[in-house]
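In what follows, a structure is listed as structure tokens, so that the remarks can point back to it.
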Amino acid sequence: MGTLSVWRFESPQGAENALGLLTRLQKEQLIRIQDAAYVSWPEGRKRPKTKELGKLTGAGALGGSFWGFLFGLIFFIPLLGMAVGAAMGALAGSMRHGGIDEDFIREVQRQVTPGTSALFVVTSEVVADRVLEPFKETGATLITTNLSAEQETRLREAFAESEETQRV
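Pasting the structure below:
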């Protein structure tokens, strides 16, 4: 599996709007998108709208069942109560090897709220210095990745540096 990253946007349309840039970067061979999906959560809605991005990635490395399961754990299972939650806990344990654990789920739940959106993207072969700067211009904020703690820190630092460079 590649790197799963979750990017938050300040508007319900932000994640969908960033797709054009990702498509262009992929065509320029600056990033390889293995799979992707997004959630959009308009104000006043009880739950977010989810969408798998098969057009962007072809068949997708993970498939619709993965995204459905992940989004269910993050956004829908908490609404169903403890009985279903306990049964799903065992299944969720199998996702830990990919960096998807309780901390991952809680952090996404905490940051993706009504009035926001999030892009979930599995990538590989990223030319970071050519991808981070234009992606930062979309208003994205990194929520979490399945990188090691050290790798994630370096990514956050690189993302912050590209933001500082833009201000100068």
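If you're matching positions, the sequence shown starts at 1 in full-length UniProt numbering and goes up one per residue. Note that beta-carbon positions come from the ideal geometry of N, C-alpha and C, so glycine has one too. Because the structure is a prediction, the values reported are computed rather than measured.
Item to check | Beta-ladder partner(s) of Ile100, from DSSP | outcome: Taking the sequence shown and counting its residues from 1, one reaches residue 100 at position 100. Beta-bridge pairing links Ile100 to no other residue.
Item to check | First through last residue of the beta strand (DSSP E) which encompasses Phe9 | outcome: As a position in the sequence shown, residue 9 is number 9, starting the count at 1. Under the DSSP assignment, Phe9 falls in the beta strand (DSSP E) whose first and last residues are Thr3 to Phe9.
Item to check | 9 Å Cβ cutoff met for Tyr38 and Leu21 | outcome: If you number the sequence shown from 1, residue 38 lands on position 38. If you number the sequence shown from 1, residue 21 lands on position 21. If you check the CB distance, Tyr38 and Leu21 do not come in under 9 Å.
Checklist entry - Is Ile31 close to chain E, meaning its C-beta is less than 9 Å from at least one C-beta of that chain? => result Here chain E cannot be found, since the structure has a single protein chain.
Next on the checklist: Relative to the C-alpha of Phe104, which candidate in Gln13, Phe71 and Gly115 has its C-alpha closest?
Outcome noted: Taking the first residue of the sequence shown as 1, we reach residue 104 at position 104. Answer by Cα proximity: Phe71.
Next on the checklist: Considering only DSSP beta bridges, list what Thr116 is partnered with.
Outcome noted: Position 116 of the sequence shown, counted from the start, is the residue given in the question as residue 116. Thr116 pairs with Trp41.
Checklist entry - Could you give the C-beta distance for Gly139 and Glu10, rounded to a whole number, given that I count them as a contact under 8 Å? => result Within the sequence shown, residue 139 is the residue found at index 139, counting from 1. Within the sequence shown, residue 10 is the residue found at index 10, counting from 1. Indeed they touch by this definition, with Cβ atoms about 6 Å apart.
Item to check | Span of the alpha helix (DSSP H), counted from its first residue to its last, around Lys136 | outcome: Counting from 1 along the sequence shown, the entry for residue 136 is found at position 136. Ala128 to Lys136 is the extent of the alpha helix (DSSP H) around Lys136.
Item to check | Residue interval of the beta strand (DSSP E) (run including Leu142) | outcome: For the purposes of this step, residue 142 is taken as the residue at position 142 of the sequence shown. Note, Leu142: beta strand (DSSP E), Thr141 to Thr145.
Item to check | DSSP three-state assignment for Ile105, whether helix, strand or coil | outcome: Working through the sequence shown from its first residue, we reach residue 105 at position 105. In the structure shown, Ile105 adopts helical secondary structure according to DSSP, grouped into three states.
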